[in-house]
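Notes follow the structure.
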Amino acid sequence: MEMEDQMESQKRRGASKDDLISERTGSLGCIGWFIFIMSCIFTICLSPITIWFCLKIVQEYERAVIFRLGRITDRKAKGPGIFFVLPCTDSFVKVDLRTVSFDIPPQEILTKDSVTVSVDGVVYFRVSDPIASVANVSNADHSTRLLAQTNLRNVLGTKNLAELLSDREGVAHSMQTNLDEATDNWGIKVERVEIKDVKLPHQLQRAMAAEAEASREARAKVIAAEGEMNASRALKEASLVIAESPSALQLRYLQTLSTIAAEKNSTIIFPVPMDIISHFMKK
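So this is what it looks like as structure tokens:
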């Protein structure tokens, strides 16, 4: 259902753009046709000279929107390569189709949980419809930059600080969707939006660092306590095994002596069996 709604909205936007363009590409009228015919006759009569004013060239990445007596002559922009214009009645505007990137200046934004942050980003866009970018907005590039700043503040104002820090891709995708829908009638296609940096106040940074340090210390203490508990359980099990066999205790004594002798110490420790000490303690 959502896909169908999106397709229907795109069709409506496309139909609205076609209606706007068709209104601008109407008939020239009687006077307009008279001027156009006179201009053609004038151009043909002075063709050795006027031919150099009629030939125009646009690059591979450019398109030309031609106006004839103030009206757009065709629904499709001219180019790339060579095209013809009449020097007296026609004028044209070049439109660059390459992807343009610009930085969104740092914006002071109050998040949903009342935290003030400074956020900046970068937007990549291109002109998808040259005629709409010329006829529907006075300056498509400048208008897109202003709209990106406003959209950044509006989108981030609905997010918590944790969402802003952990879900940058989701925030960027939401901004891209909103910008693309808003600039569709301008013939602009927003290709990508990225959040570059999120600057927090120094006091909040210190508070978050203290919280993280306390959390790490708490986890370290829990891990140390769990290790002590596991070690005590292992020692208990070992003592039970040794208590079942007196010779195992003697072997443990000899192993301890072997370990001490490997260190080449001058002190020799001779273990006394616990049975002898317990005999004297009972007396």
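The opening residue of the sequence shown carries number 1 in UniProt numbering; numbering runs sequentially from there. Beta carbons: idealized from backbone N, C-alpha and C, even for Gly.
Boundaries (first-last residue) of the alpha helix (DSSP H) holding residue i
i	result
T177	168-182
L86	Here L86 belongs to no alpha helix (DSSP H), and DSSP marks it neither H nor E.
Q149	140-156
V134	130-135
Presumed contact (8 Å Cβ cut-off) between residue i and residue j, rounded CB distance
i	j	result
I131	R75	7 Å
R68	T89	6 Å
L164	V198	6 Å
V171	L156	7 Å
Enclosing beta strand (DSSP E) for residue i [first to last residue]
i	result
R75	Note, R75: premise wrong, no beta strand (DSSP E); not H, not E.
K196	188-199
Inter-residue spacing [alpha-carbon to alpha-carbon] between residue i and residue j
i	j	result
V137	D129	12 Å
S239	Y253	14 Å
residue 285	C40	Because the chain is modelled from 1 through 283, residue 285 falls outside the range shown and cannot be assessed.
E244	A234	16 Å
L46	F36	15 Å
T25	A135	The pLDDT assigned to T25 is 49, lower than 50, so where the model puts this residue is not dependable; a value taken from the coordinates is nonetheless given after this. Answer to the nearest angstrom: the Cα atoms are 11 Å apart.
Y61	A77	12 Å
L147	V117	20 Å
S166	H173	14 Å
K189	I223	53 Å
I21	V65	In this prediction, I21 has a pLDDT of 49, which is less than 50 and means its spatial position is unreliable; nothing more can be read from the coordinates.
L251	S232	22 Å
S247	N230	26 Å
F83	S101	30 Å
L257	A214	44 Å
Simplified DSSP assignment, three categories, for residue i
i	result
R216	helix
G79	coil
residue 285	The chain is shown only over 1 to 283; residue 285 falls outside these bounds and no answer can be derived.
R98	coil
T116	strand
K221	helix
T25	Since pLDDT at T25 reaches only 49, below the 50 mark, its modelled position is unreliable, and the value read off the structure follows with that caveat. Of the three classes helix, strand and coil, the one that applies to T25 here is coil, per DSSP.
E62	strand
K236	helix
T259	helix
Minimum C-alpha distance to residue i - residue among the options
i	options	result
I51	S215, Q176, V85	V85
L110	V190, H142, T99, R153	R153
P80	R206, S232, R63	R63
N151	S133, T177, L161	T177
P87	C54, D103, E108, N185	C54
T73	A212, G32, D184, H142	G32
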